[in-house]
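Residue numbers for the sequence shown, in UniProt numbering: 1 to 218.
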Amino acid sequence: CVSVKMLSAENNNLCHYVFISSMFARMVEAYIWIQPCLRFIYLLKMFECRYCDMDSSGGGWTLFQRRMDGTVNFYRPWDYYKFGFGLDNIHYLTKQRHYGLRVNKHFARYSSFSVNAECDGYKLQVSEFINGGAGDALTYHNGQKFSTFDKDQDPDSRNCARLYLGAFWYNECHNANPTEVYRWGADGTIFAVGVSWYQWKGHDYFLKSISMKIRPVQ
Numbered sequence: 001c002v003s004v005k006m007l008s009a010e011n012n013n014l015c016h017y018v019f020i021s022s023m024f025a026r027m028v029e030a031y032i033w034i035q036p037c038l039r040f041i042y043l044l045k046m047f048e049c050r051y052c053d054m055d056s057s058g059g060g061w062t063l064f065q066r067r068m069d070g071t072v073n074f075y076r077p078w079d080y081y082k083f084g085f086g087l088d089n090i091h092y093l094t095k096q097r098h099y100g101l102r103v104n105k106h107f108a109r110y111s112s113f114s115v116n117a118e119c120d121g122y123k124l125q126v127s128e129f130i131n132g133g134a135g136d137a138l139t140y141h142n143g144q145k146f147s148t149f150d151k152d153q154d155p156d157s158r159n160c161a162r163l164y165l166g167a168f169w170y171n172e173c174h175n176a177n178p179t180e181v182y183r184w185g186a187d188g189t190i191f192a193v194g195v196s197w198y199q200w201k202g203h204d205y206f207l208k209s210i211s212m213k214i215r216p217v218q
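Written out as structure tokens, the structure reads:
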């Protein structure tokens, strides 16, 4: 690990500033004062190991979501996504400066990406799509709050997280859902339940792997 303590907002951009040849960069400990939604100031202790992509489109990407197989269960409650998945951390990073997002499977790239604070439901802000062959599945989710099976914040009358066994910025319900139960390949037996990217292969083809990563926009 690369040990970084008391990082300033200017330098707290993880993989964009930290490079080691093994392709892994890690932030060991940082204590950061933040003020979510102008309500109160609290001390956020981040103790996270982050993976970096130093190859795609010039490198410097911090991975915050990666599915390679079905060993990790992503059908989890709200607190898992707040702390384990790191919605608080993603919100903090993307509010310090302008970030872009890249989603790999082929790829879809967005020049603007941020996540609002918890008091605004970790609302997704994503725009300026750049096609890399996967198609634009995320614009449908722009402006939506994050939902889990125990905290339903989507505009659908149903609980999309329960219905599709995942957690995401659901609309009514999804064009993309990288956190659903792991199924691989073409399978229409259960509609839209699996790791899918609708604009690439539709709702009945499920991806073997997918990753989501961010980096500051120059």
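Glycine included, C-beta positions come from ideal geometry on N, C-alpha and C.
With a 10 Å radius around its C-beta and 16 neighbouring C-beta atoms as the bar for buried, classify Glu180 as buried or exposed.
buried
My assumption, with CB atoms under 8 Å, is that Gln65 sits in contact with Pro178. Please give the rounded CB distance.
6 Å
Alpha carbon to alpha carbon, how far is Val217 from Gly100?
6 Å
According to DSSP, is Gly202 part of a helix, a strand, or is it coil?
coil
Less than 7 Å between the beta carbons of Asn193 and Tyr164, yes or no?
The question names Asn, but residue 193 in the sequence shown is Val. Yes, they are a contact pair.
Just to check my reading of the structure: Ser196 and Ala167 have Cβ atoms closer than 8 Å, yes? What is that Cβ distance to the nearest angstrom?
Actually they are not in contact, since the Cβ atoms of Ser196 and Ala167 sit about 14 Å apart, beyond 8 Å.
Could you tell me if Gly60 is buried or exposed, where buried requires 16 or more neighbouring beta carbons within 10 angstroms of its beta carbon?
buried
Return helix, strand or coil for Lys213, following the three-state DSSP convention.
strand
Assign Ser111 to one of three DSSP states: helix, strand, or coil.
strand
Look at Thr94 and Val115 and say whether their C-beta atoms are less than 7 Å apart.
Cβ atoms of Thr94 and Val115: closer than 7 Å.
According to DSSP, what are the bridge partners of Ile130?
DSSP, once it has assigned bridges, lists Arg109 as partnering Ile130.
Within 10 Å of its beta-carbon, does Thr71 have 16 or more other beta-carbons around it, so buried, or fewer, so exposed?
Counting of Cβ neighbours within 10 angstroms places Thr71 among the exposed residues, the total staying below 16.
For His91 and Ser112, believed in contact at Cβ under 8 Å, the rounded distance
Between His91 and Ser112 the Cβ distance is about 15 Å, and since that is not below 8 Å, they are no contact.
Give me the Cβ distance between Asn142 and Gln153, rounded to the nearest whole Å; I'm assuming they're in contact under 8 Å.
Their Cβ separation, rounded to whole angstroms, is 15 Å, which puts Asn142 and Gln153 out of contact at 8 Å.
So, with DSSP's three-state summary, where would you put Phe83?
helix
Residue interval of the alpha helix (DSSP H) (run including Tyr164):
Note, Tyr164: alpha helix (DSSP H), 160 to 164.
Tyr99: first and last residue of the uninterrupted beta strand (DSSP E) it sits in:
99 to 104
Buried or exposed: which applies to Ile190, given that a residue is buried once 16 or more other Cβ atoms fall within 10 Å of its Cβ?
exposed
Quickly, what does DSSP pair Asp53 with across the bridge? List them, please.
Under DSSP, the beta-bridge partners assigned to Asp53 are Trp61.
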